[in-house]
Amino acid sequence: MSVTGILLSLFASFAQTPSKDSSSYKSRKLSFEEANLVSSYYRQDGDNAAVTGGIGSEKLTDLSNSIDVRFIKWDKRSRKHSFDIEVGVDHYTSASSDQINPQTISSASHADTRIYPSLNWSVEDEKKGTTFGAGLSFSTEFDYQSAGLGLNFSKKTANRNGEFTAKGQVYLDRLKYILPVELRPGGGGGGNGDDEGEHYPTKNRNSYSGSLSYSQIINQRLQVMFIADLVYQQGYLGLPFHRVYFLDNSVNIEKLPDQRIKIPLGFRASYFLGDRVILRGFYRYYTDDWGVKAHTVNLETPIKINPFLSVSPFYRYYTQTAADYFMPYRNHKLTDEFYTSNYDLSKFNSNFYGAGFKITPPKGVFGIQRLNTLELRYGHYTRTTGMNSDIVSLHLKFK
Amino acid sequence: MKKNKIPGIFLSSFPLTLMLVLFSCTPVKEYQKSMLNDSEMVLGAKKVEKTEMSFQTYREGASGANGGKTGGGCGCN
């Protein structure tokens, strides 16, 4: 049975008769609230892979599945406790990763699986309008492990029309120092053609982020949110198998500073236009001390065909300047202090557009009472560097 | 040194926009929030956008301010 199947069985065993909407009684027993299953298939292609120094195939596929289950209970002081358990599994294949060691028939990184469980708890005091939460997260794949800890606090205004939220998050990451085969001491790859037999040194990467946001109801149709983040990263911030070719055709791995400070500032607004159309907008300005400045604009317009069916076309525009350390294939000088040919840090614009389709029938999707919502979404992404991708996602909500 | 005027305009107008927004608020009672409570009105990314946000974090230099990851936890930027 798959992980998803096991988890679905688990929450089904906790499931009870849907709780009655009663303000006079709140269960102090742990009860099932909802479960969400999200599955996605992503594919991309392009000709600027960082593994091969800014040239070569960027072909990649990723099949992602995650499930989160929420349980709730009320304590003696009528505070609501929520417990969220989430498990995600990604399986990806990457043509460029196969070039870390092209001598192997199939290197360890050409395909990999990432597993990322997380646990979150929060307690909401409706009388005071406060919520406090904490969470733990883990992620593991062949060459990358991560542990995360997060805390958050929210406070509503007296009239319950505004809410201030503060969040703090720490990620402690460790990555295997896997060099391209020709740069390894002795020039050897996995002796038996299988990199998994190798013992690699490791490098650390730590990320600390703080986030402040304020949401405000403007009137019965409009609400807005302001978000300001501050992120500090420290440690090994490149990837050891990203090649850089210099003007003289010599090769090395990318070299980036061991610190980075990022400041993203965001604004969101949702407006109910008439009876059937909703406008959801998002704008973000981003700057960091590597020289990347970016603007993101996103507009989505859910249209309610009827109370149980909506269609949501969306469009996202993104533009960024290049990092100070980026140069294309064979453009870097040997005297450069830092260097990368990773096109994710180049100057480019991107367009992302598509549509979503969502049904929430009163008797459940396909007549299954507990299957509350089905949402399907497709998007196409193009980047001015030539990279393009497609993604299709399915979200099922069980209540 | 590179200069970018757009952020300056944005940053200087940010407090003004915030004040204008807050002063134009009309108090809304709980029973008047039917439209605001619609699931499509949520001020944040939807569950179905989860993987989209991940690949954008990998494929773009910028991240954060959208409720998702701001760095760390994966081999992304």
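One line per chain: the protein sequences are A and B, in this order. So the first sequence is numbered by the working numbering: it starts at 229 and just counts up by one. So the second sequence is numbered by the working numbering: it starts at 936 and just counts up by one. C-beta: ideal position from N, C-alpha, C; glycine also.
Below 8 Å on the Cβ atoms is my contact criterion, and I expect residue i with residue j to pass it. Report the Cβ-Cβ distance as a whole number of Å.
i: Pro-962(B); j: Asn-387(A); result: 5 Å
i: Ala-363(A); j: Ser-346(A); result: Correcting the residue type first, residue 363(A) is Gly in the shown sequence and not Ala. Right, the Cβ-Cβ distance comes to about 6 Å (below 8 Å), so this counts as a contact.
i: Asn-348(A); j: Lys-625(A); result: Contact doesn't hold; Cβ gap of about 17 Å is too wide.
i: Ser-350(A); j: Ser-310(A); result: 5 Å
i: Arg-512(A); j: Met-453(A); result: In fact, because the Cβ distance is near 12 Å, the residues do not count as touching under 8 Å.
i: Leu-475(A); j: Lys-561(A); result: 6 Å
i: Ser-498(A); j: Leu-978(B); result: 6 Å
i: Met-555(A); j: Tyr-567(A); result: 7 Å
i: Ala-550(A); j: Gly-519(A); result: 7 Å
i: Ser-538(A); j: Phe-990(B); result: So it is not a contact: roughly 24 Å between Cβ atoms.
i: Ile-328(A); j: Val-409(A); result: 7 Å
i: Glu-369(A); j: Asp-340(A); result: 5 Å
i: Asn-577(A); j: Tyr-546(A); result: 7 Å
i: Ser-622(A); j: Ser-267(A); result: Ser is not the amino acid found at residue 622(A); the sequence shown has Leu there. About 5 Å; that satisfies the 8 Å criterion.
i: Lys-627(A); j: Glu-262(A); result: 5 Å
Which value, in whole angstroms, describes the spacing of the CA atoms of residue i and residue j?
i: Tyr-269(A); j: Lys-431(A); result: 30 Å
i: Asn-434(A); j: Gln-462(A); result: 5 Å
i: Arg-449(A); j: Arg-256(A); result: 35 Å
i: Gln-597(A); j: Pro-590(A); result: 8 Å
i: Leu-493(A); j: Pro-413(A); result: 44 Å
i: Phe-500(A); j: Phe-536(A); result: 16 Å
i: Asp-303(A); j: Thr-358(A); result: 15 Å
i: Thr-992(B); j: Gln-272(A); result: 14 Å
i: Arg-402(A); j: Leu-955(B); result: 45 Å
i: Glu-314(A); j: Ser-294(A); result: 7 Å
i: Thr-613(A); j: Gln-967(B); result: 48 Å
i: Ala-522(A); j: Asp-312(A); result: 33 Å
i: Ile-619(A); j: Arg-305(A); result: 45 Å
i: Arg-508(A); j: Ile-283(A); result: 38 Å
i: Ala-394(A); j: Asn-477(A); result: 49 Å
i: Tyr-557(A); j: Arg-342(A); result: 30 Å
i: Lys-575(A); j: Glu-987(B); result: 21 Å
i: His-319(A); j: Ala-375(A); result: 20 Å
If we count the other Cβ atoms within 10 Å of its Cβ and call it buried at 16 or more, is residue i buried or exposed?
i: Phe-935(B); result: This structure cannot speak to residue 935(B), because chain B is shown only from 936 to 1012.
i: Asn-526(A); result: buried
i: Phe-594(A); result: exposed
i: His-608(A); result: exposed
i: Val-297(A); result: buried
i: Glu-354(A); result: exposed
i: Ile-445(A); result: buried
i: His-338(A); result: buried
i: His-427(A); result: exposed
i: Pro-468(A); result: buried
i: Leu-484(A); result: buried
i: Gly-316(A); result: buried
i: Tyr-473(A); result: buried
i: Ala-1000(B); result: buried
i: Pro-530(A); result: buried
i: Ser-969(B); result: exposed
i: Pro-286(A); result: At residue 286(A) the sequence reads Glu, which differs from the Pro that was named. Glu-286(A) comes out buried.
i: Tyr-606(A); result: exposed
i: Glu-603(A); result: buried
i: Leu-377(A); result: exposed
i: Ile-489(A); result: exposed
Sort out for me which residues DSSP pairs residue i with in a bridge.
i: Asn-559(A); result: DSSP lists no partner for Asn-559(A).
i: Trp-349(A); result: Phe-311(A), Ala-362(A)
i: Gly-607(A); result: Gly-582(A), Ile-619(A)
i: Asn-293(A); result: Ser-267(A), Val-317(A)
i: Ala-456(A); result: Leu-440(A), Leu-493(A)
i: Ile-481(A); result: Arg-471(A)
i: Ala-277(A); result: None; Ala-277(A) has no bridge partner.
Using only CA atoms, which one of the options lies nearest to residue i?
i: Lys-356(A); options: Gln-373(A), Lys-383(A), Leu-379(A); result: Lys-383(A)
i: Tyr-399(A); options: Asp-517(A), Ser-437(A), Ile-619(A), Glu-565(A); result: Ser-437(A)
i: Asp-552(A); options: Ile-596(A), Arg-544(A), Asp-572(A); result: Asp-572(A)
i: Leu-953(B); options: Arg-611(A), Thr-358(A), Leu-501(A), Gly-390(A); result: Gly-390(A)
i: Gly-582(A); options: Val-983(B), Leu-971(B), Ser-998(B), Asn-1001(B); result: Val-983(B)
i: Ala-980(B); options: Gly-274(A), Phe-474(A), Glu-528(A), Phe-381(A); result: Glu-528(A)
i: Gly-396(A); options: Tyr-460(A), Asn-570(A), Trp-302(A), Asn-579(A); result: Tyr-460(A)
i: Val-479(A); options: Gly-281(A), Arg-271(A), Gln-548(A), Pro-556(A); result: Gly-281(A)
i: Asp-973(B); options: Gly-519(A), Phe-510(A), Gln-451(A), Ser-574(A); result: Gln-451(A)
i: Leu-288(A); options: Leu-622(A), Val-279(A), Lys-490(A); result: Val-279(A)
i: Arg-994(B); options: Val-620(A), Arg-611(A), Phe-299(A); result: Arg-611(A)
i: Leu-379(A); options: Phe-370(A), Ser-365(A), Tyr-372(A), Glu-369(A); result: Ser-365(A)
i: Asp-503(A); options: Thr-547(A), Glu-482(A), Asn-534(A); result: Asn-534(A)
i: Ser-439(A); options: Tyr-405(A), Asn-447(A), Leu-411(A), Ile-491(A); result: Ile-491(A)
i: Asp-323(A); options: Asn-276(A), Asn-559(A), Arg-605(A), Tyr-344(A); result: The question names Asp, yet the displayed sequence has Ala at residue 323(A). Ranking Asn-276(A), Asn-559(A), Arg-605(A), Tyr-344(A) by Cα distance to Ala-323(A) puts Asn-276(A) first.
i: Asp-441(A); options: Ala-456(A), Pro-429(A), Asn-447(A); result: Going by the sequence as given, residue 441(A) is Ser instead of Asp. The residue with the shortest Cα to Cα distance from Ser-441(A) is Ala-456(A).
i: Leu-458(A); options: Asp-516(A), Asp-564(A), Glu-261(A), Met-615(A); result: Asp-516(A)
i: Thr-524(A); options: Thr-563(A), Leu-291(A), Asn-579(A); result: Asn-579(A)
i: Lys-404(A); options: Phe-392(A), Gly-466(A), Pro-330(A); result: Gly-466(A)
i: Gly-996(B); options: Met-615(A), Glu-262(A), Asn-559(A), Tyr-514(A); result: Tyr-514(A)
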